[in-house]
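See below for the structure under consideration.
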Amino acid sequence: MNTSILNRFTARQPAVLSQLTCALGLALAATAVQVHAANVYVSNEKDNKIVVFDAQGKQTSTIDVCKRPRHLMFNADKSRIYVCCGDSNELGVVDRAAGKLLETVPLGDSPEIFDLSPDGKLAYVSIEDESVLAAYDLATKKEVFRVKTGGEPEGVLVSRDGKTAYVTSEEANVVHVIDLVAKKVSKNIKVGKRPRRFALTPDGSELWISNELSADVSIVDTNTHAVKATVKFDIKGMRKADITPVGVLLTKDGKTAWVTLGKANHVAEVDVASRQVRRTVLAGKRAWGLALSPDETTLYVTNGLSDDMTLVDTREGKAIRTVAAGRVPHTPLVAQ
Amino acid sequence: MTLRPVLCGLGAVLCLSHWPVGAQGVKAQPPVAAAKGVKTVRVALVSLQSDDRYGNRRLERAYPGHPGGRLLPAAEMAVADTEVALAEDKLALQILDVRLGGVDDLASTLQRLRGEGVVHWLLDLPVAAQVAAAQAAGPSALMFNVSASHDSLRGQQCAAHLFHTVPSQAMLADALGQFLAARSWRQALVLQGPGEANALLGDAWGRAAKRYGIQSQLKPYKLSGDPRERDLSNPRLLTSERQHDVVAVWDADGEFARTVPYATQLPRPVVGSNGLVPLAWHPQWERHGGPQVTRRFRKAAERPMTGQDWATWMAVRSVAAVVQAQPQASVVEQARLLRSGQVSVDGAKGPALSFRAWDGQLRQPVFLAHADGVVATAPMDGVLHPTEVLDTLGHDLAESTCRQKP
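Residue numbers (the working numbering), protein chains in the order written: chain P, 1 to 336; chain H, 1001 to 1406.
What follows is the structure in structure tokens.
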């Protein structure tokens, strides 16, 4: 365990020191697995809270936030958490150290997923009920501009240079390529059915898109904006209609993708180079959200219908444990 | 005859609610200059100008399972929803609101529509008129039944080019049968009204009850002004039988069924036409994007979304899906494509939905709901089928009596 990290961490969060060290001790005593003083934050759609866990999945506290919290992101130095609230139409700003909601930024009707500009000044939010991608200035709390999308926009991902945003439209079955300078859609990429969320390879060359109703992931070349490959999911004994991919992420080395399969109650590990599914791991009911621990040995999967979170050992490809995570857990967010 | 095309196509900023028509009927040239190279597919929503279901007082009653209003807003919503995806392929949809002065106008109106090249029709018509429309049209139009649940339309009276987005009575009854079987509520006291419409509901229930092992004991009810028949409309007297788990009331009208919940002799749940009702849509459905759909509809129509609205929305979405899949296809080819099951449409009920090859019925989950919310969705967990679990609702391939194929 890196003590300097622990020191930095505890300096900011004296209140959780005892819980952290407790978890640390437990983990050290229990297994030879490397220990991380990571915190896992999980948004709860129906409890209007963020539930805080330690790295092993022990609940340590909860933070009251705005109504129907869904997508979560850190700011650059990870001192704050942004939380998108779908019912109260706000972006909540949570102070991690204090464990409190500091302020909110008003958003359009039914926001779901967002991403931040590279300088952290703007939040780009998909506004489901208005079918737009809207940009908000986090300092002035004002909407800066909006771009019309297809019906039910969901996933949002901003390119590293901050010039392009990708947005899925669940209704139109396309990924909009939005030019953030010109503030308009520059291209629509037809992907699978009901596209949901994104992951970008570390080199930025490939965009992965989960397609909920076609049981696959589309891989888009970010230079040509064309679909270059499709990864299909197949689980023995399950019908295609029961496999509904939603969450997707890529490891830091860009060699592995993890995809939650929704109704199939599994997560899939995909080999990026060969586009083959390496293995699938059983999680809880309607596995949607997912996040990796900082060392990528643990995958946290939120299960919306069984109200819990499954911890998966990524080396063994096995679920270690499943812990209660409030009512309708949406997104897990992990940091040291 | 009144024709009111409503135009919300690509590039149209205004939706015109009125379109002047000459004595000869349809003026169908596109009223808004369409974007270059865009092919506009016009879809006619055909209904009766005078329809008892849409009477003011009738709509106020808002009986479960009945329409909540005219279906135009639902059709327009589907046009808006599919606009972006269709524009990618240089396609656009446009809805024509066609109101018939009477059933007698049907043949001439359909002929005019065909003459103008409008060959996609949404039928919000009585069963007999739907059969007549399908016969008159033959393979020259692609039709969607958006409001009639009658099993006969999917069976003996089916047509090769008539599709059904609204669930059949058999599907609705099966959904309820599955729910009762899953709860082990095996004995039903059935209250059935007089007349053919109620008999059809009773038949559908009888089939489902047999399939799912629900014992039914039949009691006829009757709303009557005759003092000698007063007992026949008294829920307490009608439900004084000792052995039953639920009271199933079948009432095509809705008035009697509304009086049954909490009025039974024994404390028993009421199911069927009131109480727990099998429905195609419910405004409180909160999964799979349901709230977004309901909210969009409420904004446009200023009323809650019903099953008929959902079916209309799905019919237009099906047109969008099929023209997008094969833009050059004739309506016969489009009908074949829909029947092939290769084209699927998202209905915000979970799975992607497709049409049955044997009768053109849209496969779909059915909600078991009360006025306030959705209790369960059928197919229930644990119900199995060799190939497609949605086909446990309604007439499966082996039972279908439909012999018409496009």
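Heads up, the beta-carbon is just placed ideally off N, CA and C, and yes, glycines get one too.
Taking the C-beta atoms as reference points, Pro106 (chain P) is found no nearer than 8 Å to Ser126 (chain P).
A check of alpha carbon separations from Asp308 (chain P) across P:Pro294, P:Leu290, P:Gly204 identifies P:Leu290 as the nearest. In the three-state DSSP reduction, Trp1121 (chain H) falls in the strand class (E or B). The contact set of Ser110 (chain P) on chain H, defined by CB atoms closer than 9 Å, consists of Pro1291, Gln1292, Arg1295 in chain order.
Among the residues of chain P, none has a CB under 7 Å from the CB of Asp1396 (chain H); the nearest is roughly 16 Å distant.
In the three-state scheme derived from DSSP, where H, G and I count as helix and E and B as strand, Leu1153 (chain H) is classed as helix. Scanning P:Ala268, P:Asn39, P:Asp179 for the CA closest to the CA of Leu250 (chain P) turns up P:Ala268. Residue pairing of Leu1180 (chain H) in beta bridges, as defined by DSSP: absent, with no partner found.
If you draw a straight line from the Cα of Asp1104 (chain H) to the Cα of Asp1124 (chain H), it comes to about 15 Å. Chain H places no beta carbon closer than 8 Å to that of Leu290 (chain P), leaving this residue out of the contacts. Membership of Phe1163 (chain H) in any alpha helix (DSSP H) is not indicated; the residue belongs instead to the beta strand (DSSP E) covering 1162-1164. Ranking P:Lys240, P:Gly262, P:Ile219 by CA distance to the CA of Arg275 (chain P) puts P:Ile219 first. Per the coordinates, the alpha-carbon of Val312 (chain P) lies some 6 Å from the alpha-carbon of Tyr300 (chain P). Between His225 (chain P) and Pro1278 (chain H), the alpha-carbon positions lie close to 45 Å from each other.
With respect to the 8 Å criterion, Ala139 (chain P) and Lys163 (chain P) are not classified as neighbours on the basis of their beta carbons.
Counting of Cβ neighbours within 10 angstroms places Lys142 (chain P) among the exposed residues, the total staying below 16.
Bridge partners of Ser210 (chain P) according to DSSP: P:Val217.
Around the beta carbon of Ala1092 (chain H), 16 or more other beta carbons lie within 10 angstroms, which makes this residue buried. For the segment 180-200 of chain P, the residues whose beta carbon sits under 8 Å from a beta carbon of chain H are, in order, Asn188, Lys190, Lys193, Arg194. Shown here, Leu1276 (chain H) sits in a strand according to DSSP, grouped into three states.
The way I'd put it, the segment 1187-1198 of chain H doesn't touch the segment 1388-1400 of chain H; fewer than three beta-carbon pairs between them come closer than 8 Å.
Of the candidates P:Thr256, P:Ala257, P:Trp288, P:Lys255, the residue whose Cα lies closest to the Cα of Asn265 (chain P) is P:Trp288. Counting only residues of its own chain and dropping the five nearest sequence neighbours on each side, Leu1237 (chain H) has a CB closer than 7 Å to the CB of Asp1231. Annotated three-state conformation of Glu143 (chain P) is strand, per DSSP.
Proximity of Asn173 (chain P) to chain H, defined by a Cβ-Cβ separation below 8 Å, is satisfied. Straight-line spacing of the CA atoms in Gly1065 (chain H) and Pro1365 (chain H) works out to 15 Å. Put simply, the backbone Cα of Arg1183 (chain H) is about 54 Å away from that of Asp203 (chain P). Taking a C-beta distance under 8 Å as the contact criterion, Gly1155 (chain H) and His1395 (chain H) qualify as a contact pair. Proximity of chain H to Gly151 (chain P) at the Cβ level (cut-off 9 Å) is accounted for by Ala1080, Asp1081, Thr1082, Glu1083, Val1084, Ala1085, Gln1292, Arg1296, in chain order.
For Asn44 (chain P), DSSP records a beta bridge to P:Lys49, P:Pro329. About 6 Å separates the beta carbon of Ser43 (chain P) from that of Val83 (chain P), a gap short enough to meet the 8 Å contact definition.
About 4 Å separates the CB atoms of Ala1369 (chain H) and His1282 (chain H); that is less than 8 Å, so the two are in contact.
Taking 9 Å as the upper bound on Cβ-Cβ separation, chain P lies near residues Ala1352 of the segment 1352-1372 of chain H.
By the CB criterion at 8 Å, Gly155 (chain P) and Ile113 (chain P) fall inside the cutoff.
In this structure, Phe233 (chain P) and Leu261 (chain P) form a Cβ contact; the two beta carbons are roughly 6 Å apart against a cut-off of 8 Å.
Each residue's CA atom was taken as its position, placing Gln1111 (chain H) and Gly1101 (chain H) some 15 Å apart.
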